[in-house]
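Colleague:
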Amino acid sequence: MPELPEAERARQQIEKALGRRIVSTDDADGYVCRPHGRGEIDDALRGRTLVRAHRLGKFLRVETDGDGPDLGLHLGMAGSIVVDGAPAPNSWDRFSIAFEDGGRLALRDKRRLSRAVIDPDHSHIGPDAGEIGRDAFRERVGRGTAPLKARLLDQGVLAGIGNLLADEVLWRARLSPNRLAQSLTEEELDRLRRELRAAIRAAIRKGGVHTGDFMPARKRGRGCPRCGTDVRRATVGGRTTFWCPACQPE
DNA sequence: ACCTATGTTGATAC
DNA sequence: GGTATCAACATAGG
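Here you go:
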């Protein structure tokens, strides 16, 4: 269930694996692990230790000791990081690291849209949605002719917002997903950023985006959690979108 | 059987 | 270049 809050929780899991010598890795899944072939990730990591875990939006980057390479991880649509847990059935651990102390780190994913890479390139990714400052937020989000929601989902504009978090934040800020990004006032942009930060913090604390206040509205027959109005459903920015027409007027 | 899904990337067209 | 749409990726679950 990975959006920024889940990625942050995954980063925190990785911190439990720092400072432990890597004895081997399983990078046999050539779709998830790249580059693939001849154990390239294994060659890069074997004998090293992980020393720091970073996150930019949904992208994870783990430094190794000395002049070792970075390990890049992305959870895709269904991935998670499990440290020192039992191996998953059905080969759901698509990439794993075995440590000298007997522990292990697994990239677990029922689907296979997650990624493990060496020296990831995050140069095309915008500033983290939870860290961006007020002025940069105004400048980056408040422009363009795309719908506001599409702007929020653009990882090059802002990193970390996924489909569920976008709906949650727009509902909290009482802004329609269909508003033209460039039509927002500075007051609205500031409000959006404030609600974004609050929603991210709450989701990290509670365990993920699915704990959001607006999530129940995605189920059939549920009204707006605030006013009870029937929520609207449509495709915006290419994704299924729910919003309250009363709280979030066009 | 058919449809949908919390994500990313790349092709294509305006 | 910005934007919109779509397909692909792989798999589970309703």
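Note that the numbering used here has the first sequence beginning at 15, numbered continuously upward.
The C-beta atom is built at its ideal place from N, Cα and C for all residues, glycine as well.
The structure displayed is predicted, hence computed values, not measured ones.
For Asn-104, count neighbouring Cβ atoms within 10 angstroms of its own Cβ and tell me buried if that reaches 16, exposed if not.
Modeller: Position 90 of the first sequence holds residue 104. With fewer than 16 other Cβ atoms within 10 Å, it is exposed.
Colleague: Around the Cβ of Thr-199, are there at least 16 other Cβ atoms within 10 angstroms (buried) or fewer (exposed)?
Modeller: Against the first sequence, residue 199 aligns to sequence position 185. Thr-199 is exposed by the Cβ-count criterion.
Colleague: Name, in chain order, the residues that DSSP records as bridge partners for Leu-70.
Modeller: If you number the first sequence from 1, residue 70 lands on position 56. For Leu-70, which the question treats as bridged, DSSP gives the partners Phe-73.
Colleague: Can you give me the start and stop residues for the alpha helix (DSSP H) that Ile-132 sits inside?
Modeller: Within the first sequence, residue 132 is the residue found at index 118, counting from 1. No alpha helix (DSSP H) holds Ile-132; the beta strand (DSSP E) holding it covers 129-132.
Colleague: If we count Cβ pairs, one from each stretch, closer than 8 Å, do we get three or more for the segment 170-181 versus the segment 199-208?
Modeller: They do not touch, by the three-pair rule.
Colleague: Buried or exposed: Arg-75, going by 16 or more other Cβ atoms within 10 Å of its Cβ?
Modeller: Position 61 of the first sequence holds residue 75. Buried, because 16 or more other Cβ atoms sit within 10 Å of the Cβ of Arg-75.
Colleague: Under 8 Å, with one C-beta from each stretch per pair, do the segment 148-164 and the segment 72-87 reach the 3-pair mark?
Modeller: Result no; under three Cβ-Cβ pairs closer than 8 Å.
Colleague: If we require 4 or more residues per run, which alpha helix (DSSP H) segments fall completely within the segment 162-227?
Modeller: Fully enclosed alpha helix (DSSP H) runs of 4 or longer: 162-167, 177-186, 200-220.
Colleague: Residue range of the beta strand (DSSP E) that Leu-119 falls in?
Modeller: As a first step, residue 119 is located in the first sequence; it is residue number 105 there, counting from the start. 118-123 is the span of the beta strand (DSSP E), which, as asked, contains Leu-119.
Colleague: In this structure, does DSSP put Asp-84 in helix, strand or coil?
Modeller: Position 70 of the first sequence, counted from the first residue, corresponds to residue 84. Looking at Asp-84 - three-state DSSP - the assignment turns out to be coil, as it is neither helix nor strand.
Colleague: Among Trp-257, Arg-234, Ile-218, which has the Cα closest to the Cα of Glu-22?
Modeller: The count along the first sequence starts at 1 and reaches residue 22 at position 8. Comparing Cα positions, the closest option is Ile-218.
Colleague: Apart from the five residues on each side of it in sequence, which residues of its chain come closer than 7 Å, Cβ to Cβ, to Cys-261?
Modeller: On the first sequence, position 247 is the one that residue 261 refers to. Only Trp-185, Arg-188, Cys-238, Arg-240, Cys-241 meet the Cβ criterion.
Colleague: Using three-state DSSP, classify Ala-112 as helix, strand or coil.
Modeller: Position 98 of the first sequence, counted from the first residue, corresponds to residue 112. In the structure shown, Ala-112 sits in a strand (DSSP, three-state: E or B).
Colleague: Could you give the distance in angstroms between the alpha-carbon of Val-131 and the alpha-carbon of Gly-93?
Modeller: In the first sequence, counting from the first residue as 1, residue 131 sits at position 117. In the first sequence, counting from the first residue as 1, residue 93 sits at position 79. C-alpha separation (whole angstroms): 15 Å.
Colleague: Consult DSSP for Arg-126 and reduce its assignment to one of helix, strand or coil.
Modeller: Position 112 of the first sequence, counting from 1, holds the residue named residue 126. Here Arg-126 sits in coil by DSSP.
Colleague: Evaluate the contact criterion for the segment 164-174 versus the segment 59-73: three or more CB pairs, one atom per stretch, below 8 Å.
Modeller: Verdict: yes, contact present.
Colleague: Should Ala-58 go down as buried or exposed, given a rule of 16 or more other Cβ atoms within 10 Å for buried?
Modeller: For the purposes of this step, residue 58 is identified with residue 44 of the first sequence, where counting begins at 1. Counting Cβ neighbours within 10 Å, Ala-58 comes out buried, since at least 16 surround it.
Colleague: So what does DSSP say about Val-97, is it helix, strand or coil?
Modeller: In the first sequence, the residue the question calls residue 97 occupies position 83. Val-97: strand per DSSP, three-state reduction.
Colleague: Could you check what DSSP says for Arg-240 in three-state terms: helix, strand or coil?
Modeller: The residue given as residue 240 occupies position 226 in the first sequence. Coil.
Colleague: Grouping DSSP H, G and I as helix and E and B as strand, with all else coil, what is Asp-43?
Modeller: Position 29 of the first sequence, counting from 1, holds the residue named residue 43. Coil, per DSSP.
Colleague: For Val-245, does the three-state DSSP call read helix, strand or coil?
Modeller: In the first sequence, the residue the question calls residue 245 occupies position 231. Here Val-245 sits in coil by DSSP.
Colleague: Buried or exposed for Val-250, please, with buried defined as at least 16 other CB atoms from any protein chain shown within 10 angstroms of its CB.
Modeller: Residue 250 sits at position 236 when you count from the first residue of the first sequence. So Val-250 counts as buried.
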